[in-house]
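Read left to right, the sequence shown gives residues 6 to 107 (the numbering used here). We treat Cβ as the ideally placed atom computed from N, Cα and C, and that holds for glycine. Only one structure is covered here, and it is reproduced in the block below.
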Amino acid sequence: MYEKELKQLQEEKWFVVHLSDRECNVCEIVGMKLVEELDQISDATYVPLSTNLSPELIKRYDVTQFPTVLFIYGNKIYKRYERVFSISDMMAELRRYIDLSN
């Protein structure tokens, strides 16, 4: 499960991976806000992943809290946000990473 998405993450482009749990209400809100914000950033792809459907993701990405958001480029994690974070600060940081990589 999620093999297509995981294979995509190896490409040389920016991904915002949102790891959530079915029982996490905050995760749903974060997901909606990320979709809204990422509509304005064409250089990043949003990848929502539910750890309920794929428990190996918890191990693979060392998830200890929900929600977890990762900035991944070329299969390397550049930034990790867990549990409490500002969406606007996160998007500003993503824009800086994208600018530096171009």
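Under 8 Å by Cβ, that's how I've got residue i and residue j pegged, so tell me the actual separation to the nearest angstrom.
{"i": "SER25", "j": "PRO60", "result": "With a Cβ gap of about 13 Å, SER25 and PRO60 do not count as contacting."}
{"i": "LYS81", "j": "THR50", "result": "With 8 Å as the limit, LYS81 and THR50 do not qualify as a contact, their Cβ atoms being about 15 Å apart."}
{"i": "VAL89", "j": "VAL22", "result": "Contact doesn't hold; Cβ gap of about 18 Å is too wide."}
{"i": "ARG27", "j": "SER55", "result": "6 Å"}
Check this for me: beta carbons of residue i and residue j, under 8 Å apart or not?
{"i": "ILE103", "j": "GLU42", "result": "no"}
{"i": "ARG100", "j": "ILE46", "result": "yes"}
{"i": "THR69", "j": "GLU87", "result": "yes"}
{"i": "PRO53", "j": "GLY36", "result": "yes"}
State the Cα-Cα distance for the pair residue i and residue j, rounded to the nearest angstrom.
{"i": "ILE77", "j": "PHE20", "result": "5 Å"}
{"i": "CYS32", "j": "LEU39", "result": "10 Å"}
{"i": "LEU105", "j": "ASP44", "result": "20 Å"}
{"i": "ASN57", "j": "LYS9", "result": "17 Å"}
Using a C-beta cutoff of 8 Å, does residue i count as contacting chain B?
{"i": "PRO60", "result": "In the displayed structure, chain B is absent; only one protein chain is listed."}
Discussion item. Which complete alpha helix (DSSP H) runs does the segment 44-73 hold, if anything under 4 residues is left out?
Written reply: Runs of the alpha helix (DSSP H) lying entirely within the segment 44-73, each at least 4 residues long, are 61-65 in chain order.
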